[in-house]
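Residue numbers (our numbering): 413 to 550. Working notes for the structure below.
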C-alpha cells in the first residue's frame, strides 16, 4: 500500500497502521524529521496509551501500557553504534515477547530483526505532503 497524506490526515493514517498491530513488529523507515515519532504517538493514542509519549532516542526503548494492560515497546536505534549494543540490552527478549514493538531506525539492527515484520517507509514531499509505503514482510 502506498498513500500520500498531510498532517491533517495523520489520525486516518495512524488508524490504518494501528490495524497492523497484530503483526507485533512494525519497522519505521524515513529520514530525520519526516514524522516517524509523530505517527507513532498517534498510533499509541489509538491503541489506548495514556502516558506521555516521547522518542526514546537516548534510552533506546520506552515501554507503554495500554488501557487493557498490554505492553508496547517503542525503540529508537538512531544513536546505536552497532548491533552488539542491541544484543546487550536484550533486544531478542523484546522482539519475541508477543508485545507490539514499534521500531525507528530498524536498519541499525537489521540482522537482529525477526523475519515477520511490517515495513513502514515515510518520505516527505516538497509540498509538506508525506508518502507512506507499507509492506508486509514474511
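Beta carbons are placed, not taken as given, at the ideal position from N, Cα and C, and that holds for glycine.
Residue burial is scored here from C-beta neighbours: residue 526 has fewer than 16 other C-beta atoms within 10 angstroms and is therefore classed as exposed. For residue 475, the beta-bridge partners assigned by DSSP are 485. Here residue 548 carries a strand assignment [DSSP, helix/strand/coil]. Here the region 516-525 makes contact with the region 490-506; the two share three or more CB pairs at distances below 8 angstroms. In the assembly as shown, residue 508 is an exposed residue. Its beta-carbon has fewer than 16 other beta-carbons within 10 Å. Between the alpha carbons of residue 416 and residue 505 lies a distance of about 35 angstroms. Given a length threshold of 4 residues, each whole run of the alpha helix (DSSP H) inside the region 498-546 is given here in chain order: 503-507. Leaving aside the five residues that flank residue 459 on each side, the residues in its chain whose CB is nearer than 7 angstroms to its CB run, in chain order, 430, 433, 478 and 484. Taking the Cα positions, residue 534 is about 25 angstroms away from residue 510. Taking 8 angstroms as the upper bound for CB-CB distance, residue 413 and residue 546 are in contact here, some 5 angstroms apart.
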